[in-house]
Amino acid sequence: MPAAGGALAHTASASSPAPQTQATTVRVLAVLLAVMTGLAAALAAYITGAHLTKDAAEPIVWAATTFVATTGLVILLEEKTGLIR
Numbered sequence: 001m002p003a004a005g006g007a008l009a010h011t012a013s014a015s016s017p018a019p020q021t022q023a024t025t026v027r028v029l030a031v032l033l034a035v036m037t038g039l040a041a042a043l044a045a046y047i048t049g050a051h052l053t054k055d056a057a058e059p060i061v062w063a064a065t066t067f068v069a070t071t072g073l074v075i076l077l078e079e080k081t082g083l084i085r
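Each residue of the sequence shown is one higher than the one before, counting from 1 in UniProt numbering.
Laid out in structure tokens, this is it:
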């Protein structure tokens, strides 16, 4: 009977991910969230710039600047809240 209990304990510990793996997953997802937020903001800035200006290069500059600023801000906020170290 002890062998069955040992097998169940081994199976239960193998099915739950290690704390280090969970921390890495949270960090990757946090960076992905920052990038996706930056992309959404850049798209909004590009669309707004395309409607407000006649020049083709200006909305691209607005989108690039907005992407960098938004991604940096989200990563900074994630660091301050302790999500990323």
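By construction, the Cβ of each residue, glycine as well, lies at the ideal position given by its N, Cα and C atoms.
All values derive from a computational prediction rather than experimental measurement.
- For I84, the secondary structure class from DSSP, reduced to helix, strand or coil, is coil.
- Rounded to whole angstroms, the Cβ separation of A30 and L76 is 12 Å, and the two are not in contact under 8 Å.
- DSSP, reduced to helix, strand and coil, places T70 within a helical segment of the structure shown.
- Here the alpha carbons of A42 and T24 stand approximately 27 Å from one another.
- The residue among V28, T48 and A57 with its C-alpha nearest the C-alpha of E78 is V28.
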